[in-house]
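J.: Supplied in structure tokens, the structure appears directly below.
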Amino acid sequence: MKDRDSKIQTIMTGYRRGFLSRREALRALGAVGLAAGAAPLLDFAALADEAGKQAGPGGIPLSRPDKPVTLPLNGDPIKSGLEPEKGPFHIFNYQDYIDQVSVIDTFSKKYGVEVVLTTFDSMDQAITRLASGTVEVDSTNITPDRLAQGVAGKLLQPLNHSYIPNLEKNIFKSLQNPFYDQGSQYSVPYNLYSTGIGWRTDKVKTDIGSLANPWSVFWDESSKEYSGYTGILDDARESLGMAMQYRGLTDMNTEDAAVLDKALADLKATVPISNPKINITEYQTLADGSCWIHQSWSGDMLGAIISYWPEGQDKSILKYWWPGKGKGVTQNDCWALLAKSKKPVLGHLWLNHICDAEVAYNNTTTYTGYQPAQKSFNADELVKAGILPEQLKNIILTEEDVGAGSLQYCALTPKGQGMWQDAYAKFNSGS
Amino acid sequence: MTAVTERRRIAAPSTAQRIRNWILNPWGEPRGLVVITWIYVAISIVPVVVAIMFSFNAGRSVTAWQGFSLTRWYLDDPRSSVIGDPRLQHALLQSLKLAGLTMLIATPLGVMLALGLARWRGRLASASNFIMLFPLVTPELVMGVSLFLVFVNLFTFIPLGTTAQVMGHVTFSLSYVVVIVRGRLFSIGRQYEEAAADLGATPWETLRLVVLPLLLPAIFSSLMMVFAISIDDFVISAWLSCGSSCDTVPIRVYSSTRGAPLPSINALATVMVAMTLTAIGIAWVVHRYMTRGERRTGKQGGMTQAMGAFDL
Amino acid sequence: MYPKWLWPVFAVPGVVWLILLFLVPFYAVIGVAFGGVDPIFLNAVPNWNPLSWNYDVLLTTLAGFLPGNQYWGIFLRTVVYVALALTGSLLFGYPVAYYISRHARRTKMLLIALIVLPFWVSYMMRMLAWVNLFSPSGFVNKFLLWTNLVQTPPDWLGGNHASVILGLIYGYIPYLILPLLAALDRIDRSVLEAARDLGASPASAFFHVTLPLSKPGILGASVIIALPMFGDYYTPTIVSGSPRTTMIGNQIDIFFHGGPQPSVGASLTMILSAFLAVLMAYYMITIAKAQKEVAG
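Chains as they are written, first to last, in this note's numbering: chain H, -3 to 427; chain P, 242 to 553; chain X, 3 to 298.
What follows is the structure, given as structure tokens:
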């Protein structure tokens, strides 16, 4: 028995350090007499904690803006100077999050390939489907907190930067070497955004942005007049994180049960006061006036103006506030290539295409509203071009707003994820 | 109490009594019930009519009438009409695809199962019958969750998407087909088959030349019924969806109600309602035509009777 | 006349289908509830072997249903919503079905058609219609403002219990009325006439004859709508979207859409099914009985 335990221990260590793949580890565990079904019950993360560090999937440390992580290499990147393959080329992305005309069609035309877009509803769904092999795509949108999973699970392939000159040329310096993927070995940044409050000045008398603590608008008794016309993002991290920011906390990746309990209690307290709806459709509801104050992602403000603003409605009535760097959350997402892709050269060219200044500009200004991580992208020009209303200049982030010293929702341990989810489910249960 | 006072009371009833008598209407239809019934009919139909009306709104509002436009939200609007918005168009096609395939798979499968279960005797047969009844009573959420888990974890060779959705739809509509067809089987009895056998028909000939034609009305009703329930389904389609490219009309309508729906959603829903009602209408007319001349065992509205007896 | 093997052979494809796509999937729920998660991707790894099932999650989840615990409130709310929606549907639906089956004469066919109509109008379409009407700028508020009954438009869709219950009634009542109508239609008129001949007043005939005779119909129709209502998660989302008015189905939805705890979602599904088993069994027995009667 003792012998078996030590064998299991060895296998787990091998697995954690990346010597064994998940499948190999499971098979090895099976060989020492542990039913394959029971193997996953082993608390991999707990074992890693014993090793004295907060390890994520496959033993890769959990990255934080001030704790950068270099992801282990899954083999070698492709050679330089290869010719692109023939299509069709498959990409995987959130629904309504890339422009067909200015991004996909231009790529098709440039390389003479057909591009097929498959969509997912959430990152969880995307990872599950990639992991189970139920979608086979060449390139995928992925959030930084999932990169380690993608690498540990050997889903992603390392990049050869010689195909992606636009990364160095156009992208924010801090995101050329991001904390979650030092050296951009697997990913290029796509869009970035902050989380704040969007509101309509025609309905809301208070200038929320000038309050001492703008988050308090969801808790303040005087907000009762907006009851039913407020909203909170339907997202465990964002909603609970907001309650934490309301209390002035800045550790957005806490796994402290007491902090989460307090955040949950605070979040529940909004219900009898501002009576928020829980959804992520603020880009529609703020635009049509069925919602007046909504916790919002910055990109959705421009999205509301571009795609959902009723004709003739004054564009200066939509305002946005976020707490600023170090106090509020900024996030970005990425594109990466799948290890199984048979079109790696085309894939690299796709990543380069995404980082192209003109493509990125058109993608944002005609469709998504989410700003790219491009050096050349700036608020003043958007205002001058008549795309961005003057008062919404603060939705555009600058290079200084991201990277070290910023707050970001990062990957948690499985236990931590469970805690956040439980707290959110309790909030959702309304009791 | 004397007869005189009695008569006077009848001659001059109080106002309250008059109202009470008017409502109860002891010599005719109770007016209270009439009023409730028509209120119900109004409440159940008027909102739908209003929603359909707004699909013809010339403006972008679903609550304020801004003039009539026959086709803006169906065809004309380049970005948001049912034809102009690729997501809406796709949802419509996906719904039709699922309903069509489900109808074609569930009906033959259900007809055979009905024949088998109606005549197969024994313990295995009872067990099979029991399994067949289960989907009729299982809440859709439970069925959605279990199908979702089985496709993700066991039948991984079938990815979530159209195939999985069709399989899910067939699973919940199969039992309806069985109930419809079996009802028909019982009502036609076995005398025709016995007669055919006496006249020297082989079992195969009896099935093909006697049973099948007699079952045709039920088979046709099943086809239309399955089409209608499949096209209206939300829960199973949603749990087995592969993302926006597998979204059906009900899923589109659902997600749009969480945001700020345009009249194009009303237009999309109107198209769906029109298709369902057409299917049911055809089923009813054809059923009546096929069973003309047969003794009507049910009361008025054979379809109602049938639906009431087993549906949901 | 037919070979003995013919009928089992006919039944086999359908039965196999139901085993593979109805029974096995339910086993998958159990497997996930008693299984674990993948250490990297955190998605469910079902445990198919009953000998090594891990009951911890189910037991913890079950404990959450005790008064005062995590799921107690939402479960209670679900039960109350369903009970009230059911009562409302019966109070409204029974008179309608009763009137159509007993009294309507010339209008009977028309009324039946008008009642079958909403039955076949998609649930989502009806919800969309309902939400359009009750939205802050919808017709209902316009009417109320016009009549001066209210000064400020009420917010119907902002997390009202009443709105959700009304929404449920509106959504499910067509599924109740039709079976009720069928049940009332089956009552033999001569029994009623006998009661009247023996001197019963209309009211007394109703309470002593019609109502008791329609009891199985009432129960059956109630079960028909109660079962799906217990699994409903979309109606409260559509007509409210507030955490105040969520139902147990919303919790199941949360635990399956991401996160490392699919086993909690599966456990909730199992608990809900177990809770509904009584209703399901009742209804299945009713159907089975009805079938036997038809089969003679």
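Beta carbons are placed, not taken as given, at the ideal position from N, Cα and C, and that holds for glycine.
So which residues of chain X does H:G179 contact, with C-beta pairs closer than 7 angstroms?
T.: Along the first sequence, one-based indexing puts residue 179 of chain H at 183. Simply none; closest approach about 22 angstroms.
J.: Judging by CA-CA distance, which residue of P:S462, P:M466 and P:A437 is the nearest neighbour of P:V452?
T.: For this step, residue 452 of chain P is matched to residue 211 along the second sequence. Comparing Cα-Cα distances from P:V452 to each of P:S462, P:M466 and P:A437, the minimum goes to P:A437.
J.: Check whether the Cβ of H:K422 sits closer than 6 angstroms to any heavy atom of the ligand NAP, and report yes or no.
T.: As for the ligand NAP, it is missing from this structure, which has no ligand bound.
J.: Taking Cβ-Cβ distances shorter than 8 angstroms, what residues in chain X pair up with H:K422?
T.: Here the question's residue 422 of chain H lines up with position 426 in the first sequence. Within 8 angstroms Cβ-Cβ: Q72.
J.: Check whether the Cβ of P:A501 lies closer than 7 angstroms to any Cβ atom in chain H.
T.: If you number the second sequence from 1, residue 501 of chain P lands on position 260. So, interface residue.
J.: On the premise that H:Y363 lies in contact with H:S294, defined as a C-beta separation below 8 angstroms, what is that separation, rounded to the nearest angstrom?
T.: Counted from its first residue, the first sequence places residue 294 of chain H at position 298. Counted from its first residue, the first sequence places residue 363 of chain H at position 367. Between H:Y363 and H:S294 the Cβ distance is about 16 angstroms, and since that is not below 8 angstroms, they are no contact.
J.: Is it true that the region 400 to 412 of chain P meets the region 254 to 266 of chain X, where meeting means three or more beta-carbon pairs spaced less than 8 angstroms apart?
T.: no
J.: Once you ignore the five residues that flank H:G52 on each side, which residues in its own chain have a CB closer than 6 angstroms to its CB?
T.: On the first sequence, position 56 is the one that residue 52 of chain H refers to. So the list reads L58, A144 and A407, once near-sequence residues are dropped.
J.: Could you confirm whether any beta carbon from chain P is found closer than 7 angstroms to the beta carbon of X:Y236?
T.: For the purposes of this step, residue 236 of chain X is taken as residue 234 along the third sequence, with counting starting at 1. Yes, contact with chain P.
J.: Show which residues of chain H have a CB atom less than 8 angstroms away from the CB atom of P:T397.
T.: Residue 397 of chain P sits at position 156 when you count from the first residue of the second sequence. Correct list: S128, G129 and T130.
J.: In whole angstroms, what is the alpha-carbon distance linking X:L182 and P:V512?
T.: If you number the third sequence from 1, residue 182 of chain X lands on position 180. If you number the second sequence from 1, residue 512 of chain P lands on position 271. Rounded to whole angstroms, X:L182 to P:V512 spans 30 angstroms at the Cα level.
J.: Anything in chain X within Cβ reach of H:D252, meaning under 8 angstroms, just list it in chain order.
T.: Taking the first residue of the first sequence as position 1, residue 252 of chain H is located at position 256. Within 8 angstroms Cβ-Cβ: nothing; H:D252 doesn't reach chain X, min ~18 angstroms.
J.: Buried or exposed for X:Y57, please, with buried defined as at least 16 other CB atoms from any protein chain shown within 10 angstroms of its CB.
T.: Within the third sequence, numbered from 1, the residue matching residue 57 of chain X stands at position 55. Burial call: exposed.
J.: Tell me whether P:I470 sits in a helix, a strand or coil according to DSSP, three-state version.
T.: Locating residue 470 of chain P in the second sequence gives position 229, where the first residue counts as 1. Note: P:I470 maps to helix in three-state DSSP.
J.: On the criterion of 16 or more Cβ atoms from any shown chain inside 10 Å, does X:P176 qualify as buried, or is it exposed?
T.: For the purposes of this step, residue 176 of chain X is taken as the residue at position 174 of the third sequence. Result: buried.
J.: For a cutoff of 7 angstroms on Cβ pairs, would you count X:Y52 as touching chain P?
T.: Locating residue 52 of chain X in the third sequence gives position 50, counting from the first residue. Sequence check: residue 52 of chain X is Pro here, not Tyr. False, the Cβ-Cβ gap to chain P never drops below 7 angstroms.
J.: Less than 7 angstroms between the C-beta atoms of P:A459 and P:R425, yes or no?
T.: By one-based count along the second sequence, residue 459 of chain P stands at place 218. By one-based count along the second sequence, residue 425 of chain P stands at place 184. P:R425 sits close to P:A459, with the two beta carbons spaced by under 7 angstroms.
J.: Tell me which residues share the same chain as H:R125 and place their Cβ nearer than 6 angstroms to its Cβ, disregarding the 5 neighbours each side in the sequence.
T.: One-based indexing of the first sequence puts residue 125 of chain H at position 129. For H:R125, where only same-chain residues beyond five positions count, the Cβ hits under 6 angstroms are V131.
J.: Could you tell me if P:T517 is buried or exposed, where buried requires 16 or more neighbouring beta carbons within 10 angstroms of its beta carbon?
T.: Here residue 517 of chain P refers to the residue found at position 276 when the second sequence is read from its first residue. Buried: at least 16 other Cβ atoms inside 10 Å.
J.: Would X:I76 pass as an interface residue toward chain H - the criterion being a Cβ-Cβ separation below 7 angstroms?
T.: One-based indexing of the third sequence puts residue 76 of chain X at position 74. True, the Cβ-Cβ gap to chain H drops below 7 angstroms.
J.: Nearest CA to the CA of P:V282: which residue from X:T212, X:I287 and X:F121?
T.: Counted from its first residue, the second sequence places residue 282 of chain P at position 41. That would be X:F121, whose Cα lies nearest to the Cα of P:V282.
J.: H:S190 bridges to which residues according to DSSP?
T.: Indexing the first sequence from 1 puts residue 190 of chain H at position 194. According to DSSP, H:S190 bridges with H:T326.
J.: Could you give the first and the last residue of the continuous alpha helix (DSSP H) run that contains H:S128?
T.: Here residue 128 of chain H is taken as the residue at index 132 of the first sequence, counted from 1. Segment M119 to S128, the alpha helix (DSSP H) holding H:S128.
J.: Report the residue from H:Q96, H:D262, H:D198 and H:Q172 whose alpha carbon sits nearest the alpha carbon of H:S212.
T.: Residue 212 of chain H sits at position 216 when you count from the first residue of the first sequence. Among H:Q96, H:D262, H:D198 and H:Q172, the Cα nearest to that of H:S212 belongs to H:D262.
J.: How is X:F277 classed by DSSP in three states: helix, strand or coil?
T.: Here the question's residue 277 of chain X lines up with position 275 in the third sequence. Here X:F277 sits in helix by DSSP.
J.: When you compare only the Cα positions, how much space is there between P:S273 and P:A257?
T.: Working through the second sequence from its first residue, we reach residue 273 of chain P at position 32. Working through the second sequence from its first residue, we reach residue 257 of chain P at position 16. Checking the sequence, you will find Gly at residue 273 of chain P rather than Ser. For P:G273 and P:A257, the distance between alpha carbons rounds to 15 angstroms.
J.: Rounding to the nearest angstrom, what Cα-Cα distance links X:F43 and X:L159 in this structure?
T.: Start at 1 with the first residue of the third sequence, and residue 43 of chain X comes out as number 41. Start at 1 with the first residue of the third sequence, and residue 159 of chain X comes out as number 157. Roughly 38 angstroms separates the two Cα atoms.
J.: Looking at the C-beta of H:S286, does it have a partner C-beta in chain P at a distance below 7 angstroms?
T.: Taking the first sequence and counting its residues from 1, one reaches residue 286 of chain H at position 290. Yes, contact with chain P.
J.: For X:I179, I'd like the list of residues in its chain whose CB is within less than 7 angstroms of its CB, leaving aside the five on either flank, ordered along the chain.
T.: Here residue 179 of chain X corresponds to residue number 177 of the third sequence, with the count starting at 1. Once the five neighbours on either side are set aside, the close Cβ partners of X:I179 are G95, V98, A99 and I117.
J.: Taking CB distances under 7 angstroms as the criterion, tell me whether H:F85 reaches chain P.
T.: Counting from 1 along the first sequence, the entry for residue 85 of chain H is found at position 89. So, not an interface residue.
J.: Can you tell me whether X:F28 is helix, strand or coil according to DSSP?
T.: Residue numbering aside, residue 28 of chain X sits at position 26 when the third sequence is read from its first letter. X:F28 falls in the helix class under three-state DSSP.
J.: Taking C-beta pairs closer than 9 angstroms, name the residues in chain X that H:T139 reaches, listed in chain order.
T.: Locating residue 139 of chain H in the first sequence gives position 143, where the first residue counts as 1. Within 9 angstroms Cβ-Cβ: nothing; H:T139 doesn't reach chain X, min ~12 angstroms.
J.: Since P:L401 meets chain H, which of its residues come closer than 7 angstroms, beta carbon to beta carbon?
T.: Within the second sequence, the letter at position 160 stands for residue 401 of chain P. Chain H residues near P:L401: T130.
J.: Leaving out five residues on either side along the sequence, give the residues of the same chain with a beta carbon under 7 angstroms from the beta carbon of H:Y107.
T.: If you number the first sequence from 1, residue 107 of chain H lands on position 111. Excluding positions up to five away in sequence, the list reads P80, L342 and L345.
J.: Residues of chain P with CB under 8 angstroms from X:P15, in chain order?
T.: Here residue 15 of chain X is taken as the residue at index 13 of the third sequence, counted from 1. Under the 8 angstroms cutoff, chain P gives L350, M353 and L354.
J.: By the criterion of Cβ-Cβ separation under 7 angstroms, what are the contact partners of P:V378 in chain X?
T.: One-based indexing of the second sequence puts residue 378 of chain P at position 137. Near P:V378 (Cβ distances below 7 angstroms), the residues of chain X are L229, M282, Y285 and M286.
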